[in-house]
Structure formats: C-alpha cells, structure tokens
Amino acid sequence: MGLVNRVMPQSELQAFVSDYAARIAANAPLTVRSVKETVNQALKDPAARDIAR
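Counting from -14, one number per residue, gives the positions in the sequence shown under the numbering used here.
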C-alpha cells in the first residue's frame, strides 16, 4: 500500500513533517475529509466494508 515511502535522518524529520502537514492544511477542508474517508475505507476488510454499505 505504500504507507512508508521515505527514510530520513531523525534530524530532518520534524521539518519534513511540518512542511507535509502545511501542504495538507493548504487544501480545501472537504478535499482533506474526502481523502481521509477514502483511505479509511480502503484499509477496512473488504467484506465488512461492503456489508456496511
């Protein structure tokens, strides 16, 4: 699924995370919410996800 796609020294981590969070926050709230919901649905067991619909 590609949840880990970067490895970096700990000394660079805080700056990277802050920049990444700022880029996410710059998007429209409904867009962020839709992406979060899509990821949450994709992580669910397919059988349980389909029954819930």
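From the three backbone atoms N, C-alpha and C, an ideal C-beta is built for every residue, glycine too.
>> Please report the straight-line C-alpha distance between Ser3 and Ile9, rounded to a whole angstrom.
In response: Start at 1 with the first residue of the sequence shown, and residue 3 comes out as number 18. Start at 1 with the first residue of the sequence shown, and residue 9 comes out as number 24. About 10 angstroms.
>> Please report the distance separating the alpha-carbon of Val(-8) from that of Leu(-2).
In response: By one-based count along the sequence shown, residue -8 stands at place 7. By one-based count along the sequence shown, residue -2 stands at place 13. Rounded to the nearest angstrom, the two C-alpha atoms are 9 angstroms apart.
> Does DSSP classify Asp4 as helix, strand or coil?
Replying inline: For the purposes of this step, residue 4 is taken as residue 19 along the sequence shown, with counting starting at 1. Asp4 falls in the helix class under three-state DSSP.
>> Going by DSSP in three states, Ala13 sits in which element: helix, strand or coil?
In response: Counting from 1 along the sequence shown, the entry for residue 13 is found at position 28. The answer is coil: DSSP assigns Ala13 none of H, G, I, E or B.
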